[in-house]
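Chains as they are written, first to last, in this note's numbering: chain S, 9 to 404; chain F, 25 to 340; chain R, 16 to 308.
Ideal placement from N, C-alpha and C gives every residue a C-beta, glycine not left out.
Remember, predicted model here, so these are calculated numbers, not experimental data.
Okay, structure first, notes after.
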Amino acid sequence: MFGTKKRRIAILIMMVFMFGIIAGCGREAPTNQQPAPTAGAINVGLNVELSGGVASYGTNARDGAMLAIEQVNAAGGVLGQQLNPIVRDCKSLPDEAMSVSAALVDENIVAQIGPLTSGNVAGSTPIMMENKIPLIAPAATATNVTVDDKTGATRDYIFRVCFIDPFQGTLMAQFAADNLKVKTAVIYGDTSSDYAKGLADYFKQTFTEKGGKILGTEGFVKDDRDFRATLTKIKGLGPEFIYVPGYYQEVAPLIAQAREQGITVPIGGPDGWDSPDMVTVAKAEALNNTYFTNHYSSQDTDPKVVAFVEAFKTKYNKEPDGFAALGYDSVQIMVQGLNDAQAADPVKLAGALAQIKNFEGITGNMTIDTNHNPVKAGVIIEFKDGKQTMNSRIQP
Amino acid sequence: MQTKKIKWTRILLEAAFLVVLFSLVQYSISTHMLSQYYQINLTSMCINIILAVSLSLINGFTGQLSLGHAGFMAVGAYTAVIMTTKLDYPFLAALVGALFAAGLAGFVIGVPTLRLKGDYLAIATLALGEIIRVVLQNIDYVNGPAGISGIPKLTTWAWLFGGVVLTLLVVVNLVNSSYGRAIISVREDEIAAELMGINTTKYKVLAFVIGAGFAGLAGALYGHYFYIIKPETFNFLKSFDILVMVVLGGLGSTTGAVIAAIFITILTAALQPFPEIRMIIYALILIVVMIYRPQGLMGNKEFSRQTLGRIWGGRQ
Amino acid sequence: MQELIQQLVNGLSLGAIYALIALGYTMVYGIIKLINFAHGDVMMVGAFVGFFSITLLGTNIAVAMLIAMAVCALLGVIIEKVAYRPLRNSTRIASLITAIGVSLLLEYLTIFLLGPNQKIFPDTAFTVKAYDIAGLSILNKDVFVFVSAVGLMLVLQYIIKYTKTGKAMRAVSLDNEAAILMGISVDKTISTTFAIGSALAAAAGVMVGVYYGAINPLMGIIPGLKAFVAAVLGGIGIIPGAMVGGFVIGLLETLVSGYGNSLYRDAVSFGVLILILLVKPTGLFGKDTGEKV
């Protein structure tokens, strides 16, 4: 065994070492809340899900956002400064999202992009509100993200670039009732996600108002891959339409299995369907007679969109999905806001963001309304032999 | 046998230490010396301590492998949040309500399942924890998968500190009482304990109920700090996180659980700046620590002034 | 009636996949009493190996499955050597924590290397055909999954019942120390068990890829948990129990989704597990050995 002296020295060394680690990890807390030093770069926080249940959403949005930042910097930056992205992982948890936001605040960020899901944005919201720094949510669709549902007041520093649940749910219900002229429907959605739940509620409401009948509500959970049991049951119910609010990871095998089971009725869904993986997994034939509400399509012919898809493919060697496009637009709308405000100041940026009109994003032309939601045209995309084609464009 | 003298000086000393600790942190919070980031991590740390200590009562002292602790946390969080946001009860009542609701859930679950042994109990508790989550996901009153958001921030340092102290007081005193010896005897040898006339079921359920109750308290404190609760937060992976703290600290060591909870919280925060590899490093640390220290950081020993003296003095 | 038979067909192929994963769980448990939480992630690695062997090496599905099984057998042996062997004489809960660590490591290492997005299993590897038999739609991939799962189980039964390795495995599982006295190399036997269990998981992984078309780094978590449930349901450590447990869980999930409320699917299968355990605390096939005093 060690002698007492050696042991003491060892303990002391260990303690010094531990202290060093802890001190090294701890950042200098800003003693006073002064605006960002305008010396070199503008810090932008990316608070996204890189691990945990929805790691793929956060990773794709980060990739889109980083591409936008790279392009902006290559073109000379904003207000003569470069954007400096600070990426942090919120582990798909609201408490971690809060902690990450607070850490980003200490880094003097001008705005935060993310998190992706409404729940994680909610975790981050109090910190951003308290510190008066804008949060731009790429994909948080619940209505109460930007509006406090108790007081009805708009949250001054929370913005988003995606559709809200009522818009898409209503849109698809109208399309089903008016264009497809169906009378009965079954809702088969992702019950583990608030996004799908919100959409299902609004679809049901509008569809029933239009005289349609919901024959049943079924659910799957994230990462399910086997849908045949429920599909067999739905086949027995014999609806004229199936609404599948959810993300492409689950929806693609779901549609493939539905067609394998001989379910031929039209199937509809939200923008969560938007991914090239839909065709590769579900196959072109199965996707015929399916429709989804969207703002953007990776097969869009708009030169802006084509340029984005090309740049994304070159940088990452993969196709962008909806999250990547929304992440990209989140950065671009922030840049627009900074240019409008003519200052790298969070409060001025929030003011500018609230005033944005006709911002030309790749997910559509956006005007931010009083509730901080983007007003942009919705389109119904139809899959025709594996190609996304625009069925109809609906201006809000 | 010696009559046990109450050592007033020691109690006073410990109380004074607590008061100083509390006031120091309170002072640095109110003067903004402690930035928001550190406050949030301090909150996580306190909640993790309550969770780890309460689970260590079940897993460490009673030796019953429970993998459903997050479920009880969910029961407490939802009870408290419903009480404050929908029924307008004061926060204290909500905390007490959470404690009792989770304890009751522990009782209802514990009585039938604690007959099971070892890994069968583990999977049964895991399953029950998941059932709680699925049920919450399907109740519209609590907004299903979206959860309840906009929860007022009522959890302050005072409540957290009180929660931690209360948990430690109850668990430490229970373990050191005659009940505690009965509980530990169940862990050491259930059959022998039974032969000695100990009602093992009673003590197992007792430990389970108390552990569950404090997990509920932790859930209530969590809900009123982090603005939103949703079922997904309380899945079985959360239970694993708590279990990791207990085992890392050492089964059957309260101080070990506390140290491990602090360690894990700091580790999580310290790895934040490395988003790409944080989980890889975390996993490696877990494996390496367990390989080199399988009995956990503290084994089944407690950390006290004597331990400090022993480490410092070499032999004693 | 027809719908019921269709649902049973649905349940059987799902159950076959659960059963294959559950076998690995149960074998490892039977021999070293470890709940190997990393098992579902070994399945994921198997799926990715199969994927790369098809896309990069251009092999067909059978060869891809064999390669995946070989790679994962090796992976299983390495995991056991590095992460579990040093803890063999410690508490079982300590190895449980390393198992959680290994699980996280496999998941996030894969994410780090390949990204979290799903990968599409190339459809050239397996052309799906539907057979219409008496109004039932049966796909050739149903047949593929079911036949190969049952085939692998038969091979496994043969190995355990009639080979020397199998006898050694049973001996170690029954009484570790007595096995040593009989000249059985415990280390070697445990390695073999991990190799076989992991190979079965890899086969299941490739089947998932073929069957559902896409794989991702976190795909092992949920099937791993369900397979664990299946193993316990059948009586953990008992090989026929794991097979039956897998099919029971598969059929149960199918029937709940088909005839009950799909929203409560997972709650019901967990609930049934608890009920069975309450009636028979050691699972369906578990022997109540009584306790040694």
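Which whole runs of the beta strand (DSSP E) in the region 146-184 of chain S are 3 residues long or more, in chain order?
-> 166-168
Whole-angstrom distance between Ala352 (chain S) and Val169 (chain S), CA atom to CA atom | 20 Å
My guess is that Gly122 (chain S) and Leu54 (chain S) are in contact by the Cβ rule of under 8 Å, so how many angstroms apart are they, rounded?
-> 6 Å
Give every residue of the same chain whose Cβ lies closer than 6 Å to the Cβ of Phe327 (chain F), excluding the five residues on either side of it in the sequence, and list them in chain order.
-> Thr279
Does any residue of chain S bring its CB to less than 8 Å from the CB of Met222 (chain R)?
-> no
Please confirm whether Ala148 (chain F) and Val99 (chain F) have their CB atoms less than 8 Å apart.
-> no
Would you kindly report the start and end of the unbroken beta strand (DSSP E) that includes Leu321 (chain F)?
-> From DSSP, Leu321 (chain F) is part of no beta strand (DSSP E); its letter is neither H nor E.
Could you tell me the boundaries of the beta strand (DSSP E) in which Gln50 (chain F) lies?
-> Segment Trp32 to Ser54 is the alpha helix (DSSP H) holding Gln50 (chain F); no beta strand (DSSP E) there.
Along the alpha helix (DSSP H) that carries Ala83 (chain R), what are the first and last residues, could you check?
-> Ile76 to Ile94
From the beta carbon of Ser164 (chain F), is the nearest beta carbon of chain R less than 8 Å away?
-> One detail in the question is off: residue 164 (chain F) reads as Asp in this sequence, not Ser. Chain R contact via Cβ: absent.
With a threshold of 16 other CB atoms inside 10 Å of the CB of Asn381 (chain S), please say whether the residue is buried or exposed.
-> buried
Near Arg233 (chain S), what residues of its chain come up, given a Cβ to Cβ distance below 7 Å and the 5 sequence neighbours on each side ignored?
-> Pro261
Kindly list, in the order they appear in chain R, the residues whose Cβ is closer than 7 Å to that of Ile155 (chain F).
-> Ala282, Phe285 and Gly286
For Val273 (chain S), go through chain R and note every residue whose CB falls closer than 9 Å to its CB, in chain order.
-> Simply none; closest approach about 16 Å.
Assumed close pair Lys312 (chain S), Gly174 (chain F) - CB separation to whole angstroms, cut-off 8 Å = About 37 Å; that fails the 8 Å criterion.
Does DSSP put Asp209 (chain S) in a helix, in a strand, or in coil?
-> helix
Does the Cβ of Glu293 (chain S) have 16 or more other Cβ atoms within 10 Å, making it buried, or fewer, making it exposed?
-> exposed
Simplified DSSP state of Glu192 (chain R), which is helix, strand or coil | helix
From Ala315 (chain S) to Thr309 (chain S), what distance separates their C-alpha atoms?
-> 10 Å
Chain F contact for Val247 (chain R) (CB, 8 Å cutoff) = yes
Neighbouring residues, chain F, relative to Met106 (chain S) (Cβ below 8 Å) = Ile64, Phe250 and Tyr251
Going by CA-CA distance only, name the one from R:Ser28, R:Leu38 and R:Ile46 that's closest to Asp202 (chain R).
-> R:Ile46
Beta-carbon proximity check, Ala150 (chain S) vs Gln22 (chain R), cutoff 8 Å | no
Does the beta carbon of Ala69 (chain S) come closer than 8 Å to any beta carbon on chain R?
-> no
Please confirm if Leu89 (chain F) has its CB atom under 8 Å from at least one CB of chain R.
-> yes
Specify whether the region 101-115 of chain F and the region 287-294 of chain F touch according to this definition: at least 3 beta carbon pairs, one from each stretch, less than 8 Å apart.
-> no
Quick one: Cα of Gly255 (chain F) to Cα of Tyr165 (chain F), how far?
-> The displayed chain sequence assigns Pro, not Gly, to residue 255 (chain F). Each residue's Cα considered, the two are about 13 Å apart.
How about Ala181 (chain S) and Thr214 (chain S): are their beta carbons less than 8 Å apart?
-> yes
Under 7 Å from the C-beta of Arg139 (chain F): neighbouring residues of chain R = Pro296
Using a Cβ cut-off of 8 Å (strictly closer), state whether Ile112 (chain R) contacts chain F.
-> yes
Test: Thr41 (chain R) CB closer than 8 Å to a CB of chain F = no
Buried or exposed: Asp279 (chain S), going by 16 or more other Cβ atoms within 10 Å of its Cβ?
-> buried
Pick helix, strand or coil for Met57 (chain F), following the three-state DSSP scheme.
-> coil
State the DSSP-derived secondary structure class of Asn116 (chain S), mapped to helix, strand or coil.
-> coil
Determine which residues share a DSSP beta bridge with Gly369 (chain S) and list them.
-> S:Gly372
Are Ala246 (chain R) and Gly260 (chain R) closer than 8 Å when you measure CB to CB?
-> yes
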